[in-house]
Amino acid sequence: MKRVYIYEGFERFWHWTQAILIIFLAFTGFEVHGSYTFFGYENAVVYHRIAGWTLLGLYVFAAFWHITTGEIKQYIPTPKFMRAQIEYYLLGIFKNAPHPVKKNRLSKLNPLQKITYFSLMVVIIPLMMVTGLLYIYYRVPQASVVDPLNVSSLGPIALWHTIGAYLLVIFLIGHLYLITTGHTVLTNLKAMLTGWEDIEDEDDENEQTENVNN
Amino acid sequence: MRNTYLTLLVIGVIIIGAVYYLKDPTVYPTKLDQLKEKYSAPHKKKAVDHSKFAVLQKKFKSAQEVTKACLTCHNETAKEIIGTPHFRWERPIYLKNRGVTYLGKADALNNFCIGVQGSEVSCAKCHAGYGMNRTATAMDTVANDIDCLVCHDNSNTYVKGANMFGYPGKSVDLNVAAKSVGRPTRDNCGVCHFFGGGGNNVKHGDLEKSMFHPSRDVDVHMADSGPNLQCVDCHKTDHHNIGGKLYSIEAQNVGRIECEDCHSNEPHASEILNEHTVKVACQTCHIPEYAKVNSVNIHWDWSTAGKLRDGKPFMIEDSLGDHIYKSIKGSFTWGRHLKPQYFWFNGTADHYLLGDKVPEGDTVVVLNQIHGSYSDVRSKIYPMRIHTTKQPFDLGTRMIIQPKLAALKKGVGAYWKDFDWNKAAEVGMKHVGLPYSGKFGWINTIMYWPLNHMVSTKDKSLQCTDCHTENNSRLAGLTDFYMPARDHYNIVDTLGKLLIILTLLGVIGHGSIRYYFNKKNKS
Chain U
0 MKRVYIYEGF
10 ERFWHWTQAI
20 LIIFLAFTGF
30 EVHGSYTFFG
40 YENAVVYHRI
50 AGWTLLGLYV
60 FAAFWHITTG
70 EIKQYIPTPK
80 FMRAQIEYYL
90 LGIFKNAPHP
100 VKKNRLSKLN
110 PLQKITYFSL
120 MVVIIPLMMV
130 TGLLYIYYRV
140 PQASVVDPLN
150 VSSLGPIALW
160 HTIGAYLLVI
170 FLIGHLYLIT
180 TGHTVLTNLK
190 AMLTGWEDIE
200 DEDDENEQTE
210 NVNN
Chain H
0 MRNTYLTLLV
10 IGVIIIGAVY
20 YLKDPTVYPT
30 KLDQLKEKYS
40 APHKKKAVDH
50 SKFAVLQKKF
60 KSAQEVTKAC
70 LTCHNETAKE
80 IIGTPHFRWE
90 RPIYLKNRGV
100 TYLGKADALN
110 NFCIGVQGSE
120 VSCAKCHAGY
130 GMNRTATAMD
140 TVANDIDCLV
150 CHDNSNTYVK
160 GANMFGYPGK
170 SVDLNVAAKS
180 VGRPTRDNCG
190 VCHFFGGGGN
200 NVKHGDLEKS
210 MFHPSRDVDV
220 HMADSGPNLQ
230 CVDCHKTDHH
240 NIGGKLYSIE
250 AQNVGRIECE
260 DCHSNEPHAS
270 EILNEHTVKV
280 ACQTCHIPEY
290 AKVNSVNIHW
300 DWSTAGKLRD
310 GKPFMIEDSL
320 GDHIYKSIKG
330 SFTWGRHLKP
340 QYFWFNGTAD
350 HYLLGDKVPE
360 GDTVVVLNQI
370 HGSYSDVRSK
380 IYPMRIHTTK
390 QPFDLGTRMI
400 IQPKLAALKK
410 GVGAYWKDFD
420 WNKAAEVGMK
430 HVGLPYSGKF
440 GWINTIMYWP
450 LNHMVSTKDK
460 SLQCTDCHTE
470 NNSRLAGLTD
480 FYMPARDHYN
490 IVDTLGKLLI
500 ILTLLGVIGH
510 GSIRYYFNKK
520 NKS
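Chains U and H are the protein sequences, given in the same order.
Numbering of the first sequence is given in numbering that gives the first Met the number 0, commencing with residue 0 and proceeding in unit increments.
Numbering of the second sequence is given in numbering that gives the first Met the number 0, commencing with residue 0 and proceeding in unit increments.
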């Protein structure tokens, strides 16, 4: 075991800000959807918008950071070890088998994480941002009497925004569970909080790779 | 550590953004502040005192003499008035696919006393003129028939007589009235417009006698204790042409008075509320209820008219004093504290015109079909009241009948004297130059009445969840658009919830197995 600095300050900051915002957006969003009453309808709408704008602002910085540091490459999906990772979650994890993919500063994500986060990054989050902005602004062409640009119905916008919302909630449940599958239940959580994670030693890694190849 | 600066920068930008977003964008004094200041100032004193004019001192023998006296100074005013819909009781309107026609009280059919033609003796009580029994054409005669006093009497003593072709009651002291003339008040307008259809609040629902001196709860604008607006403060006149349109007789989106005229289309501090003004009329949220004080007529059934007691007509009142039966008019249904119904409306309407044939098979006729839809960018949601009536109908020609109702004496076919529908239909239709087949029946008619008055105080206006709710939404009837919280794609909600449950089950299952093997491996 050795302690490795995995998550930098900004990374942890944007992760947790995003986490809080997305949970808050889901909570206010489903009130706007009519699922329950908590903040009051108008407050829910106002808070949802503020949170949405804040998240958009955060993503601008996060995108800048990921691109300039090259960290964005970590999200590029790869089929390598994908099968091993799936087998680990379906079988190995119960037998206390080691993680099939070694985590280090240069490779933080396992192949399932890569494909999931990549999907979020290129599909779900853009979908939510675009439909969210349209939700706010679809009336503007009409208010400014630019009829040809008028969006004839909020229906499809709301439909896709709602689909995205359900998918994010489902992601969140899975994510919250899967972070408990580290070396100990709290390993991954602590790492995202402090930046430091206990990583299995090199020897273990070799052994593990052999396992994967088997 | 190199990220500390970036993190600080992000936090800084977020704080600046939040401050910008949350700051009060209101410019003070607000539009409302300015309006309050403007209308809390007392009306300017009259430039002239009519009571001192020599021409108004002489003893007037007739109402026309008063008019003649007025016109000695206001010597061009008659020409203005004679051209107004108020005096003519009609105005040109354009009906789609039917061209230009004239429509107004003079020739329209409505849900109430049906129509004035043939019954001018009674209906002229609310005409701004005298002598509706004559068809004068000479300018001098017509000019003297203008009733200046009904609108301009400020003594509150001038009243028009019943069944007198528009002449004032015999007890009126014309000199008192003439000397008092000034700007029309709610009393002047209300004496006709609050009692349209033959009684208080038969027609409008939002205009009735409580509006002479309403409390703030009833109408925030006209309340004595509020800005105390008079009708003409909003219904501004241009050379005696009075602004505002009533869609029982109007067809085009012109000359209307809008709340926005004073309040602008961004009257709220809340941006989200202001965004609603693209699709929702102010009235929709700010008139949550009508008939706030006295009952409004909601259904009129002419078919039960004509019952007599000892050969004489009678009437029945309910416990609230509302007439629920009159021999001369039939049965009435009343309501108070009513919620409006809501419709898309773009300011245009079609009308049933006298002589139009009702298509075979139709059992309901909309007398003023208002137009609008969600997809029509000129439409907004308006609150309205729907009034229904069962009225005389010619089964042969399939025309709605204009019966003769009022007359001074029996035997001329007037229903209110003779109680014979066939005769009243025959005489009435002959009067308007239309055929009557002799096959008498009934038809149901509907009228839309947009609600514009009885504006409530801010705290009573509709709240978000009055409409944005799945159950009992105020806008449940408007189904041609998607509204958050009211509408859901059931398949998305069902599948979404199902997937959430399955994910939770999967997570719990996987976790449990992990826990089980973990214990087993340890032991």
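Just so you know, even glycine gets a beta-carbon here, dropped at the ideal spot from N, CA and C.
Under the three-state DSSP convention, the category residue i falls into
i, result
"H:Met446", "strand"
"H:Ala161", "coil"
"U:Glu196", "strand"
"U:Asn103", "strand"
"U:Tyr4", "strand"
"H:Glu249", "coil"
"H:Asn240", "strand"
"H:Leu337", "strand"
"U:Glu30", "helix"
"H:Gln390", "strand"
"H:Val180", "coil"
"H:Glu316", "strand"
"H:Gln368", "strand"
"U:Thr208", "In this predicted model, U:Thr208 has a pLDDT of only 43, less than 50, meaning its place in the structure is not dependable; the value taken from the coordinates is given anyway. DSSP places U:Thr208 in helix when its eight states are reduced to three."
"H:Tyr93", "strand"
"U:Leu108", "coil"
"H:Asn199", "coil"
Backbone CA spacing between residue i and residue j [nearest angstrom]
i, j, result
"H:Ile490", "U:Ser118", "23 Å"
"H:Thr6", "U:Thr53", "14 Å"
"H:Ile241", "H:Asp349", "22 Å"
"H:Trp333", "H:Ile315", "13 Å"
"U:His138", "H:Phe52", "One point to set straight first is that residue 138 of chain U is Arg, not His, in the sequence displayed. Whole-angstrom Cα-Cα distance: 59 Å."
"U:Ser151", "H:Met482", "13 Å"
"U:Glu10", "H:Asn264", "45 Å"
"H:Ser511", "U:Tyr87", "16 Å"
"U:Glu204", "U:Asn109", "Per-residue confidence for U:Glu204 stands at a pLDDT of 46, beneath the threshold of 50, marking its modelled position as unreliable; the derived number appears in the next sentence. Going by the C-alpha atoms only, they are around 14 Å apart."
"H:His238", "H:Glu79", "6 Å"
"H:Leu228", "H:Lys235", "12 Å"
"H:Glu89", "H:Thr100", "10 Å"
"U:Thr208", "U:Leu133", "In this predicted model, U:Thr208 has a pLDDT of only 43, less than 50, meaning its place in the structure is not dependable enough to derive any value."
"H:His275", "U:Tyr40", "14 Å"
"H:Ile524", "H:Leu433", "Lying before the first or after the last residue shown, residue 524 of chain H is absent from chain H, which here runs from 0 to 522."
"H:Lys104", "H:Cys125", "10 Å"
"U:Phe63", "U:His14", "14 Å"
"H:Thr502", "U:Tyr176", "10 Å"
Nearest candidate by alpha-carbon position, reference residue i, set the options
i, options, result
"H:Gly160", "H:His322, H:Arg133 and H:Glu119", "H:Glu119"
"H:Val277", "U:Tyr35, U:Tyr136, U:Thr27 and U:Leu126", "U:Tyr136"
"U:Pro97", "U:Phe26, U:Tyr134, U:Leu192 and U:Gly181", "U:Gly181"
"U:Lys107", "U:His47, U:Ile49 and U:Asn187", "U:Asn187"
"U:Gly173", "H:Asn520, H:Gly225, H:Gly508 and H:Glu259", "H:Gly508"
"U:His32", "U:Thr183, U:Thr161, U:Val168 and U:Arg48", "U:Thr161"
"H:Asp144", "H:Val65, H:Met446 and H:Pro84", "H:Val65"
"U:Phe170", "H:Ile500, H:Asn293, H:Val149 and H:Tyr515", "H:Ile500"
"H:Arg182", "H:Cys230, H:Gly196 and H:Asp223", "H:Cys230"
"H:Gln368", "H:Asn153, H:Leu245, H:Asn199 and H:His322", "H:Leu245"
"H:Lys496", "U:Val168, U:Gly194 and U:Trp195", "U:Val168"
"U:Phe12", "U:Leu57, U:Gly28 and U:Tyr4", "U:Leu57"
"H:Thr444", "H:His452, H:Tyr351 and H:Pro91", "H:Tyr351"
"U:Ile124", "U:Met0, U:Gly8 and U:Leu24", "U:Leu24"
"H:Gly189", "H:Glu207, H:Asp223, H:His203 and H:Val180", "H:Glu207"
Mind listing which residues of the stretch 154 to 174 of chain U have their C-beta closer than 7 Å to chain H's C-betas, in chain order? Gly154, Ala157, Leu158, Thr161, Ile162, Tyr165, Val168, Ile169, Ile172 and Gly173
Report yes or no: do three or more beta-carbon pairs, one from the stretch 28 to 47 of chain H and one from the stretch 74 to 83 of chain U, lie closer than 8 Å? no
At least three beta-carbon pairs within less than 8 Å, the stretch 299 to 312 of chain H to the stretch 321 to 328 of chain H: yes
Can you give me, in chain order, the residues of the stretch 72 to 87 of chain U that have a beta carbon less than 7 Å from any beta carbon in chain H? none
When Cβ atoms are compared, which residues of the stretch 460 to 491 of chain H fall closer than 8 Å to chain U? Gln462, Cys463, Thr464, His467, Thr468, Glu469, Phe480, Tyr481, Met482, Pro483, Ala484, Arg485, Asp486, His487, Tyr488 and Val491
Is the stretch 110 to 129 of chain H touching the stretch 70 to 79 of chain H in the sense that three or more CB pairs, one from each, lie closer than 8 Å? no
Between the stretch 498 to 516 of chain H and chain U, which residues of the former have CB atoms less than 9 Å from a CB of the latter, in chain order? Leu498, Ile499, Leu501, Thr502, Leu503, Gly505, Val506, Ile507, His509, Gly510, Ile512, Arg513, Tyr515 and Phe516
Of all the residues that make up the stretch 4 to 16 of chain H, which are near chain U by a beta-carbon distance shorter than 9 Å? Leu5, Thr6, Leu8, Val9, Ile10, Val12, Ile13 and Gly16
Give a yes or no on contact between the stretch 381 to 388 of chain H and the stretch 409 to 429 of chain H, applying the rule of three or more CB pairs nearer than 8 Å. no
Taking only beta carbons into account, state which residues of the stretch 369 to 389 of chain H come closer than 7 Å to chain U, listed in chain order. Ser374 and Val376
Touch check for the stretch 335 to 352 of chain H and the stretch 418 to 433 of chain H: three-plus C-beta pairs under 8 Å? no
May I ask you to verify whether the stretch 148 to 162 of chain H touches the stretch 171 to 188 of chain H, counting CB pairs closer than 8 Å and requiring at least 3? yes
Pull out every residue of the stretch 312 to 344 of chain H whose Cβ sits closer than 7 Å to any Cβ of chain U, in chain order. none
Evaluate the contact criterion for the stretch 64 to 72 of chain U versus the stretch 286 to 298 of chain H: three or more CB pairs, one atom per stretch, below 8 Å. no
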